[in-house]
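Asker:
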Amino acid sequence: MSGVHFEKKHILIISDEPRVLAEIKKELMEPFDVSIAAAGGAALAALEMYDTAAVVIHIGESREKAFAVFSGILEFVKDKKIPVIFLAEKDNDDDETAAFMMGAADYSVRRHDDAGALISRIRLRACASECERRLSSAEGSLFSCSAAPEAALNNKTILVTDDLELNREIVAGMLSEIEGLTLEFAADGKEAIDKFAEDPKRYSLILMDVQMSGMDGLNATRAIRSLHCENARVIPIIALTASVKEDEIGLCLEAGMDDCIEKPMVYDRLLAVIAEHCL
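The numbering of the sequence shown is numbering that gives the first Met the number 0, which starts it at 0 and goes up by one.
Now the structure itself:
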């Protein structure tokens with residue numbers, strides 16, 4: 000993916016089916032450091048041993064065991080703010096509801112022909128949890144105990160791209176009171192490209208709507224990444240999208256975007272993501 004680089008994070012996969020453990024581990028070994036566990040005790044030991052970015056719990060034939068394992072590690076992952084993603088073999092509304100009620104970060108159906116969808120989902124959940132940990136910890140690399148997240152945006156300029164004036168006004172209303180932050184706006188992908196190309200060093204981050212009339216956000220992002228100018232490959236580009244389904248996330252990352260923010264936007268999430276990614 001042009002211009003996008005991910006730090007290799009540690010992922011724990013839990014399943015009581017050895018064949019499935021081996022398959023999922025093989026799928027995730029390239030983008031992640033992976034460890035596996037088949038039981039609650041082994042899972043907790045692995046969590047205590049490694050700095051884990053996310054946990055994937057496979058729901059196989061014995062769904063009761065999957066939820067029992069989650070119960071056994073629940074206190075630990077909640078304390079450490081480690082996202083847990085349930086990975087099912089088929090859709091089950093009852094299981095999905097139970098997973099979220101217990102505190103899971105996500106629930107997804109396994110796609111045997113598309114490991115990229117799971118990889119994208121893990122990356123986004125791990126990134127969101129890392130932002131949350133940094134915001135709540137005095138040891139965060141972005142913020143000190145005396146500094147608010149807004150401090151990371153001081154003297155920054157963000158380009159907000161959306162074809163709907165109302166959406167641009169919403170972002171402006173949410174961010175315009177942050178001291179030292181400058182917002183500029185583009186009404187479509189072509190205008191965003193032109194503004195960035197005119198002064199590539201000006202912007203610290205681009206918020207890019209995915210679905211726009213004219214040139215959409217995916218094509219605009221690809222065009223920016225291909226520009227032969229400074230910052231084109233490294234400028235953080237964050238998708239604004241009404242859909243966070245696996246297909247949509249995969250398309251955003253493949254186009255060269257660095258993260259996704261779901262519409263309607265939540266202030267804390269918006270602030271955490273842009274503070275995390277701003278150059």
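For every residue, glycine included, the Cβ atom is placed at its ideal position computed from N, Cα and C.
Rounded to the nearest angstrom, what separates residue 159 and residue 248 at their Cα positions?
Answerer: Approximately 19 angstroms between the Cα atoms of the pair.
Asker: If we count the other Cβ atoms within 10 Å of its Cβ and call it buried at 16 or more, is residue 7 buried or exposed?
Answerer: Classification for residue 7: exposed.
Asker: Where does residue 21 land, buried or exposed, given buried means 16+ other C-beta within 10 angstroms?
Answerer: Exposed: under 16 other Cβ atoms inside 10 Å.
Asker: Do residue 119 and residue 81 count as a contact pair if the criterion is CB distance below 8 angstroms?
Answerer: No.
Asker: Check whether the Cβ atoms of residue 124 and residue 94 sit closer than 8 angstroms, and answer yes or no.
Answerer: Contact flag unset, no.
Asker: Decide if the region 194-201 is in contact with the region 164-178; the criterion is three or more beta carbon pairs, one per stretch, under 8 angstroms apart.
Answerer: No, the region 194-201 does not touch the region 164-178.
Asker: From which residue to which residue does the beta strand (DSSP E) around residue 107 run?
Answerer: Run containing residue 107: 105-108, per the beta strand (DSSP E) assignment.
Asker: Classify residue 274: buried if its beta carbon has 16 or more other beta carbons within 10 angstroms, exposed otherwise.
Answerer: Residue 274 should be labelled buried.
Asker: For residue 105 and residue 98, I'd like the C-alpha separation in whole angstroms.
Answerer: Those two C-alpha atoms are separated by around 8 angstroms.
Asker: Does residue 152 pass the burial test, meaning 16 or more other C-beta atoms within 10 Å, or should it be called exposed?
Answerer: Burial call: buried.
Asker: Measuring CB to CB, does residue 103 end up less than 8 angstroms from residue 110?
Answerer: No, the Cβ-Cβ distance between residue 103 and residue 110 is not below 8 angstroms.
Asker: Do residue 207 and residue 236 come within 8 angstroms of each other at the CB atom, strictly closer than that value?
Answerer: Yes, the pair counts as a contact, with Cβ atoms nearer than the cut-off.
Asker: Which residues does DSSP pair with residue 34 in a beta bridge?
Answerer: Bridge partners of residue 34: 11.
Asker: Could you spell out the range, first to last residue, of the beta strand (DSSP E) harbouring residue 335?
Answerer: Outside the shown range of the chain, which is 0 to 278, sits residue 335, and nothing can be said about it.
Asker: Helix, strand or coil for residue 267 per DSSP?
Answerer: In this structure, residue 267 counts as helix in the three-state DSSP scheme.
Asker: Under 8 angstroms by Cβ, that's how I've got residue 12 and residue 76 pegged, so tell me the actual separation to the nearest angstrom.
Answerer: No, residue 12 and residue 76 are not in contact; Cβ-Cβ is about 14 angstroms, not under 8 angstroms.
Asker: CA-CA distance, residue 36 and residue 222?
Answerer: Computed Cα separation, rounded: 43 angstroms.
Asker: Could you check if residue 256 is buried or exposed, using at least 16 other CB atoms within 10 Å of its CB as the buried criterion?
Answerer: Burial call: buried.
Asker: Tell me, which residues are paired with residue 240 by DSSP?
Answerer: Residue 240 pairs with 261.
Asker: From residue 214 to residue 188, what does the alpha carbon distance come to, in whole angstroms?
Answerer: Each residue's Cα considered, the two are about 5 angstroms apart.
Asker: CB residue 46 to CB residue 72, shorter than 8 angstroms?
Answerer: Yes, these two residues count as a Cβ contact at 8 angstroms.
Asker: By the three-class DSSP mapping on this structure, what secondary structure does residue 278 have?
Answerer: DSSP places residue 278 in coil when its eight states are reduced to three.
Asker: Just to check, is the beta-carbon of residue 233 closer than 7 angstroms to a non-hydrogen atom of the ligand PLP?
Answerer: The model depicted lacks the ligand PLP and carries no ligand whatsoever.
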